[in-house]
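Okay, so here's the structure we're looking at.
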DNA sequence: TGAATACATGAACAAATGCTCATATATTAT
DNA sequence: ATAATATATGAGCATTTGTTCATGTATTCA
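Chains as they are written, first to last, in the numbering used here: chain L, 1 to 117; chain Y, 1001 to 1117.
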């Protein structure tokens, strides 16, 4: 399966590639998704908004580690937080993120099943 | 324009999230796209296959830097190489990559235009 | 065969990353 | 007010990352 295929010239991509800022922003999103802990956080938030402690339990890391990663995700505009009593509830801020994760997981699922032969 | 929205429970995502290997593989793809040089390489290859020296000129980095990054991309199965005389021609190995870049660039374009107000 | 061109690769190093530990802040309950 | 719970954050540290420099290999041409 994987024969040599031609990818039709992608005009969208070409038009953006001239803009350094856009390329940099794009790499920042992918960077956010490139860490195991952050990927877990974001995918958990894809399903529903969650408090810091819920995320901490789901990801099996310390509270501090989660908070540091949440700060990074906040700074990059991928999640937003609202306080609710003692808790702070985080939500996905962007629908593109869910799309990216879906496509990334599809690719990953194929790769894993192929190499796992 | 960004009101609070609900993301419908994504069954695909949920089904993959149990598998650690798949999550790890996914983060590896995103990691490949998270570096400026690599992103340039991959987007150039989205348009058409290219030799190492063509990529070097496009990305404005040294030949060594390009080769090191190409090795990483090869190891992760995102590109493949074929020799053609003195040249080695690199091509995209996976169509998912183009999709990911397209979505990432769309997100980035919105973000940049919003913050640039 | 020898020189030139194209590409690959190991070592080294500075910079970035992700975590832990300690501590600070905010909210609620007593 | 005090204690308890939930979250945030700075400093420090080990690891990873991306590059450069030097050198190695492959191919073509004279």
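Where is the CB? At the ideal position from N, CA and C, for every residue including glycine. Because the structure is a prediction, the values reported are computed rather than measured.
Euclidean distance between Cα positions of residue i and residue j
{"i": "residue 74/L", "j": "residue 95/L", "result": "15 Å"}
{"i": "residue 1027/Y", "j": "residue 84/L", "result": "31 Å"}
{"i": "residue 22/L", "j": "residue 1105/Y", "result": "7 Å"}
{"i": "residue 1033/Y", "j": "residue 29/L", "result": "9 Å"}
{"i": "residue 65/L", "j": "residue 56/L", "result": "8 Å"}
{"i": "residue 1025/Y", "j": "residue 16/L", "result": "27 Å"}
{"i": "residue 1079/Y", "j": "residue 1049/Y", "result": "10 Å"}
{"i": "residue 1086/Y", "j": "residue 1103/Y", "result": "36 Å"}
{"i": "residue 1063/Y", "j": "residue 82/L", "result": "48 Å"}
{"i": "residue 59/L", "j": "residue 114/L", "result": "27 Å"}
{"i": "residue 1014/Y", "j": "residue 1052/Y", "result": "40 Å"}
Cross-chain neighbours of residue i in chain L, by beta carbon under 9 Å
{"i": "residue 1087/Y", "result": "Near residue 1087/Y there are no residues of chain L at all, since even the closest Cβ is about 17 Å away, more than 9 Å."}
{"i": "residue 1023/Y", "result": "36, 39, 40, 43, 105 and 108"}
{"i": "residue 1112/Y", "result": "19, 21, 22, 24 and 25"}
Partner residues on chain L for residue i, Cβ-Cβ distance less than 7 Å
{"i": "residue 1029/Y", "result": "104, 107 and 108"}
{"i": "residue 1053/Y", "result": "Simply none; closest approach about 19 Å."}
{"i": "residue 1096/Y", "result": "103, 106 and 107"}
{"i": "residue 1100/Y", "result": "100, 103 and 104"}
Paired residues, beta bridge with residue i - DSSP
{"i": "residue 1079/Y", "result": "1092/Y"}
7 Å Cβ cut-off: residues of chain Y touching residue i
{"i": "residue 16/L", "result": "1105 and 1109"}
Proximal chain Y residues relative to residue i, where beta-carbon distance stays under 9 Å
{"i": "residue 61/L", "result": "Correct list: empty, because the minimum Cβ distance to chain Y is about 14 Å."}
If we count Cβ pairs, one from each stretch, closer than 8 Å, do we get three or more for the region 88-104 of chain L versus the region 39-46 of chain L?
-> yes
Is the number of C-beta pairs between the region 69-83 of chain L and the region 104-114 of chain L that are closer than 8 Å three or more?
-> no
Which residue spans inside the region 17-86 of chain L form an unbroken beta strand (DSSP E) run of at least 3?
-> 79-84
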